[in-house]
Every structure is written in structure tokens, then in C-alpha cells.
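Chemist:
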Amino acid sequence: MDQVNGSVVTEFFIFLGLSNSQELQIFLVVFFFVFYVGIVFGNLLIVITVASDSHLHSPMYFLLANLSLIDLCLSSVTAPKMIADFFSKCKVISFKGCLAQIFLLHFFGGSELVILIAMAFDRYVAICKPLRYTTVMRGNVCAGFVAAAWGTGFLHSVSQLAFAVNLPFCGPNEVDSFYCDLPRVIKLACTDTYRLDIMVVANSGVLTVCSFFLLIISYTVILVTIQHLPSERSSKALSTLTAHITVVLLFFGPCIFIYAWPFPIKSLDKFLAVFYSVVTPLLNPMIYTLRNKDMKTAMRRLRKWNINSRIKS
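Residues 87 to 399, numbered by the numbering used here, are exactly what the sequence shown covers, in order.
#1: Counting beta carbon pairs with one atom in the stretch 167-184 and one in the stretch 236-243, are three or more of them shorter than 8 Å?
#2: Grab me the residues of A323's own chain with a C-beta within less than 6 Å of its C-beta, minus the 5 sequence neighbours each way, in chain order.
#3: Counting Cβ pairs closer than 8 Å, one from the stretch 126-138 and one from the stretch 375-389, do we hit at least three?
#4: Would you mind giving the Cβ-Cβ distance between V200 and A235, rounded to the nearest angstrom? I have them listed as a contact below 8 Å.
#5: Report the rounded CA-to-CA distance for V287 versus Y210, giving the unit in angstroms.
#6: For the ligand ATP, is there any heavy atom lying closer than 8 Å to the beta carbon of G225?
#7: Going by alpha carbons, who is nearest to L191 out of V364, L368 and L282?
#8: With DSSP as the reference, please indicate the residues paired to S180 in a beta bridge.
#9: Under three-state DSSP, which class holds G92?
#10: Span of the alpha helix (DSSP H) holding R270?
#11: CA-CA distance, C376 and T135?
#12: Do V295 and A359 have their C-beta atoms closer together than 9 Å?
#13: Would you list the residues sitting across from E59 in a DSSP beta bridge?
#14: Of the choices S325, I397 and G339, whose alpha-carbon is the least far from that of L301?
#15: Excluding sequence positions up to five away, which residues of its chain have a Cβ less than 8 Å from the Cβ of A151?
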């Protein structure tokens, strides 16, 4: 322990985890390991398919590949540590490791938020302004969206870290979760955290809610436009749009309850944290691949190419 201004600063935090039941933990470790393997392979498959298939070198799939990369990174912040902790009686993380989790969690979460907005804009231009699509969604525009996503994620995570880095921790060090996040960590500070709670809601909560409503308005405009399209075009656009809306709801639903809901419920928060960090990153590639004919066709081409290359070698 270090001594600062007469108060003890905790060098580590202890996770309480999801359950104390040995039987349930065995089930959970298998469950999360399978899910994490699926996240890694599913999202990497999308990134490799988009990068290797020239038919998918378009703004929509470029943004989709970035979304998959962010999902992979976002899940990797919490899932490997959580799986390893199932084999340990004392689930410990260092103070610096805890701050790193907070930083990376909000870095990738903030980046994903902007990527989802960029994907909504891409669909808006493609459906509502099709003749201007190639002019508007140029390569430098897509690169700008991605740069803005990573930049926004960085600024957001730095602002979150600034709230926690100088907090005095002198009492309990048990985090009632399986990873570090600001709303849980600031509760352990030996100071009045009311203002900090308000700042967290103002930062993460308002940002999440405003972005969510912006996306809902955008997709509503697109859905209204689809009604006036020919049946063949409208069915294809609606299929793509359904996948986008599903992903938005899966991402923003847990975020709103975790960061903006004023009446937190511990059991619900844990469930949503699991959903946000492990389930959603796996569902995203499944949604986009199962509902997208171009992706399925490209994956078949990639599979044939791998088989042919093995035969030749």
C-alpha cells in the first residue's frame, strides 16, 4: 500500500465475479470460452473476407470490417481476464490494470458508437440519395469516418480516465462485477461521489442516449423512403437495414441501462455487462453474415480459394 495525504491508496481491486457456485462457474467458463472463440473467429472472418474480396471493396463493407475489428477488441478487454478468473479463487486486478480496462473499454465503445453512426449515414445516402452515393461516400470520406471514430473513442476514454485516476481509494476494494468500469469503481472512493456520478451520466449517458436517438431518427427517415422504392429494391434495402437496426439495438440497449438509467439493479447490470461485452460482439458477425447474400457469397469464394490453394500445394 502507498500513503498519500494520510489516506491509503489501494494497489489492487478484487472482482466479486458473476457467481460463487462452483457448478455454475464450470458452466460459465465453458459458455464464455465458446462465445469468445466465436467472437475471435467470426469477426476475423469478416475482416479477412472484406479485405481479400474485391467485390466487397465498398464503403458499407469497409465500415463493417472496422465494426468487426472494434467488436473483437472490445470483447478482448474483458473476456480473457474473466475466463482466467474462473480458475482463481481470488479474482484480482492491479490498480493500473483496472484503469487500463476503463480506458480501453470506453476507447473501443466510443469508437463503435461513431462507426454505427457512419454506417447509418452510408445507408441513408445509398437509399435516399443513390445517384450521389459514389460522390458522397468516397474513399477519403470513409477514412475520415474511421479516423473520427478512433479519435472520438480516444477523447471519450481520456475524459473517463480523468474522473478515476486521481480518486482517493482508502477503504473497500471489492468491485461487484467481472471487470472495471467507472460507475462501479467510483463507488469505492473514500469521498463524496455524487458529482462524479452526475459527470458520468453527463459524459457517457448523454452521449449514448443522444447518439441512439440520432440513429433512430436516421433509420426512421430511411424506412419512410424505402416505402416509395420498387418492391425488389425495397426488399433488399429492408434486409440490410434490419441487420443494421438490430445491431444498433443490441449495442445501445445495454449501454443506456448501464450509463444512463438512474435506478441501477445489480443483477440486471451484471447481465447487461455480459451481454454488452461477450454476447453482442458474437451476434454482430452472425447478423451481418446470415442476412447478407454478398457476404455469404464472398465467404464461399474465400473457402474455395483456400481449398484450391491447398490442393495445388
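Cβ coordinates follow ideal geometry from the N, Cα and C atoms, glycine included.
Modeler: From the atom records:
#1: no
#2: I213 and I312
#3: yes
#4: 4 Å
#5: 30 Å
#6: No copy of the ligand ATP occurs in the structure displayed, which carries no ligand at all.
#7: V364
#8: F98
#9: In this prediction, G92 has a pLDDT of 39, which is less than 50 and means its spatial position is unreliable; nothing more can be read from the coordinates.
#10: L268 to V271
#11: Reading off the sequence, residue 376 comes out as Leu, not Cys. Using only the alpha carbons, I get a separation of about 14 Å.
#12: no
#13: Residue 59 is absent from the structure shown; the chain starts at 87 and stops at 399.
#14: G339
#15: I132, V133, V136 and A137
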